[in-house]
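*Asks:* Per the working numbering, the sequence shown runs over residues 133 to 231. All C-beta atoms, glycine included, are put in the ideal place defined by N, C-alpha and C. Quick caveat, the model's predicted, so the values are computed rather than measured.
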Amino acid sequence: PKRAAFRTVTKELSSARGAPAMELDLRGQTAEEAVMNLDRFIDSAVLSGVDRLTVIHGKGTGVLRSAVQKRLRNHPGVKSFRLGTYGEGESGVTIVQLK
Numbered sequence: 133p134k135r136a137a138f139r140t141v142t143k144e145l146s147s148a149r150g151a152p153a154m155e156l157d158l159r160g161q162t163a164e165e166a167v168m169n170l171d172r173f174i175d176s177a178v179l180s181g182v183d184r185l186t187v188i189h190g191k192g193t194g195v196l197r198s199a200v201q202k203r204l205r206n207h208p209g210v211k212s213f214r215l216g217t218y219g220e221g222e223s224g225v226t227i228v229q230l231k
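1. Excluding the 5 residues preceding and the 5 following aspartate 171 in the sequence, name in chain order all residues of the same chain whose CB lies nearer than 8 Å to its CB.
2. Whose C-alpha, out of Ala177, Arg184 and Ala199, is nearest the C-alpha of alanine 166?
3. Can you tell me whether DSSP reads arginine 159 as helix, strand or coil?
4. Give me whichever residues DSSP pairs with phenylalanine 213 in a beta bridge.
5. Compare the C-beta of valine 210 against all C-beta atoms of chain D and say whether one is closer than 8 Å.
6. In the DSSP assignment, what residue or residues form a beta bridge with threonine 193?
7. Since leucine 185 sits in a beta bridge, which residues does DSSP pair it with?
8. Suppose you measure from the CA of glutamate 155 to the CA of isoleucine 227; what does that come to, to the nearest Å?
See below:
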């Protein structure tokens, strides 16, 4: 059976400081697709002056989480990252702080 096609979803959220925060939903993508979309998303956020991102990779098998975090370790625009906490999505999301 064919894998259902999922669209990358981004949306702006208001953060506590009033600056826009960004969210990227990678669920349903292959690791390769997710990394390409993550790179584009980070580049766009840096150009827009956004300093915090939420990347949704889901809990599942951990393949997307591993691919996302491997890329974040080496991305020049990333200051730090961590798994979400209770209320943020826990291990199904990664919170990214940009430089």
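*Replies:* Checking against the coordinates, here is how it stands:
1. Hits under 8 Å: Arg203 and His207.
2. Here the closest residue by C-alpha is Ala199.
3. Residue state, collapsed to three classes: coil.
4. Per DSSP, Val228.
5. As a matter of chain content, chain D is missing from the structure shown, which is built from one protein chain.
6. The partner list for threonine 193 (beta bridge, DSSP) is empty, contrary to what the question assumes.
7. According to DSSP, which records beta bridges pairwise, leucine 185 is partnered with Met154 and Val228.
8. Looking at the two C-alpha atoms, the distance is approximately 9 Å.
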